[in-house]
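This note's numbering puts the sequence shown at residues 7 to 138.
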Amino acid sequence: MKYFTIEELCQSTTADRKGIDNRCSNEIAANLTALVDNVLDPLRIWYGKPITVNSGYRCPALNKAVGGAATSQHMNGQAADIDTGDRQQNKLLFEYIRKNLSFDQLIDESNFAWVHISYRADGKNRNQVLKL
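Here it is as structure tokens:
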């Protein structure tokens, strides 16, 4: 973990505002570490500029508060929503991940408003590409 931290991946303004404890267990931290080591850090090295994590780990209460899917990989520490602040740059990240990195799901959210990326530490990654 070179460019991202567990704390960053667990930080949530919604959790802070609603008083939700979004700290993660060791098992979740291991999943987040795998996501960073296999996707986020390699992506950041290639991109050469900061990438913001809008949403990483979400405990069940936080996931419900933000309207996340009941089966969201965010709750397992396997997913992050990332953003550069620019849709074209987000599309660039999306295409790089699609062509060069292993992942479980890669989702273009709202025409590249942000990119959802997930990774399974057990190696059962589907390389599923979606547009929402």
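Note that CB positions come from ideal geometry on N, CA and C, so glycine has one too. Since this is a predicted model, take the numbers as computed values, not measurements.
In the three-state reduction of the DSSP assignment, residue 70 falls in the helix class, which pools H, G and I.
When C-alpha distances from residue 124 are compared across 96, 88, 32, 18, the shortest belongs to 88.
DSSP places residue 114 in the uninterrupted beta strand (DSSP E) bounded by 111–115.
Here residue 133 carries a coil assignment [DSSP, helix/strand/coil]. Around residue 10, the same chain offers 42, 46, 47, 50, 59 as residues with beta carbons nearer than 8 Å, after the five sequence neighbours per side are excluded.
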